Amino acid sequence: MKANLQPASIEDILVMMTIDRQCFPAGEAFSLEEFYFYLYYLDSISLIYRDKSKILGFIIFSKLDEYWELVTLDIKPEEQGKGIGTYLLKEGFEKVKERSSGPVYLHVRVDNEKAINLYRKFGFNVVKTVKNYYNNRQDAYLMHKE
Ligand SMILES: CC(C)(COP(=O)(O)OP(=O)(O)OC[C@H]1O[C@@H](n2cnc3c(N)ncnc32)[C@H](O)[C@@H]1OP(=O)(O)O)[C@@H](O)C(=O)NCCC(=O)NCCS
């Protein structure tokens with residue numbers, strides 16, 4: 007897949023937030039403050055997927071103690087199902103491996119079949135269900151990959 011991948015810059019945050027709100031309902035989408043927190047306060051890896059100059063998707067990982075969290079993976083709704091999520095996960099894991107080893111965790115809404123299927127393909131397994139994980143009280147699976 008031919009693509010232009012770059013770390014997120016400060017100018018990208020508003021577009022990322024817009025895509026996040028197209029991908030997730032209220033209570034699950036991140037606020038502006040959360041984007042700043044994940045991208046600039048925590049030790050993070052971000053990759054933005056662009057076609058020409060247009061952002062089509064992005065992935066964010068954060069390092070927390072000895073493990074990584076896959077914070078989010080967002081593909082613009084009209085660009086989903088074209089392999090971009092797979093590509094970002096593959097490239098994102100390469101960057102994580104270059105930085106340090108350690109397990110990767112993530113949370114995903116229990117009925118988000120698309121994402122769960124994709125994460126299973128990458129070797130993630132469900133550790134447990136976290137009740138009322140999201141602000142809108144939806145449950146999440148905690149998933150783990152060694
Ligand atoms: C989930 C998401 C990241 C997947 O990215 P994508 O670019 O659409 O996915 P891909 O085209 O790379 O497909 C990868 C796999 O996802 C799964 N998938 C994709 N579309 C699917 C669908 N309609 N139904 C079920 N599984 C699906 C399949 O396992 C697929 O693999 P396959 O093509 O070999 O069958 C994307 O749909 C998205 O941004 N969704 C909204 C945000 C979200 O839920 N993010 C995850 C948060 S934890």
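To convert, take the position in the sequence shown, counting from 1, and add 6; that gives this note's numbering. The beta carbon of each residue, even a glycine, is placed where N, CA and C say it ideally should be. None of the values given here were measured: they were computed from a predicted structure.
Can the beta-carbon of I51 be found less than 8 Å from the beta-carbon of K101? Here residue 51 refers to the residue found at position 45 when the sequence shown is read from its first residue. Here residue 101 refers to the residue found at position 95 when the sequence shown is read from its first residue. One thing to note: I51 has its Cβ within 8 Å of the Cβ of K101.
Beta-carbon spacing of Y125, L112 below 8 Å: Against the sequence shown, residue 125 aligns to sequence position 119. Against the sequence shown, residue 112 aligns to sequence position 106. Contact flag set, yes.
When the Cα of R56 is compared with those of S68, I81, Q28, S37, which residue comes out closest? Numbered from its first residue, the sequence shown carries residue 56 at position 50. The shortest Cα separation from R56 among S68, I81, Q28, S37 belongs to I81.
From the DSSP output, in three-state form, read off F43 for me. As a first step, residue 43 must be located in the sequence shown, where it is residue number 37. Three-state result, F43: helix.
Pairwise C-alpha distance: P31 and D117: Here the question's residue 117 lines up with position 111 in the sequence shown. Here the question's residue 31 lines up with position 25 in the sequence shown. Straight-line Cα distance between these residues: approximately 13 Å.
Please report the straight-line C-alpha distance between Y73 and V110, rounded to a whole angstrom. Your numbering for residue 73 matches position 67 in the sequence shown. Your numbering for residue 110 matches position 104 in the sequence shown. Taking the straight line from one Cα to the other gives about 6 Å.
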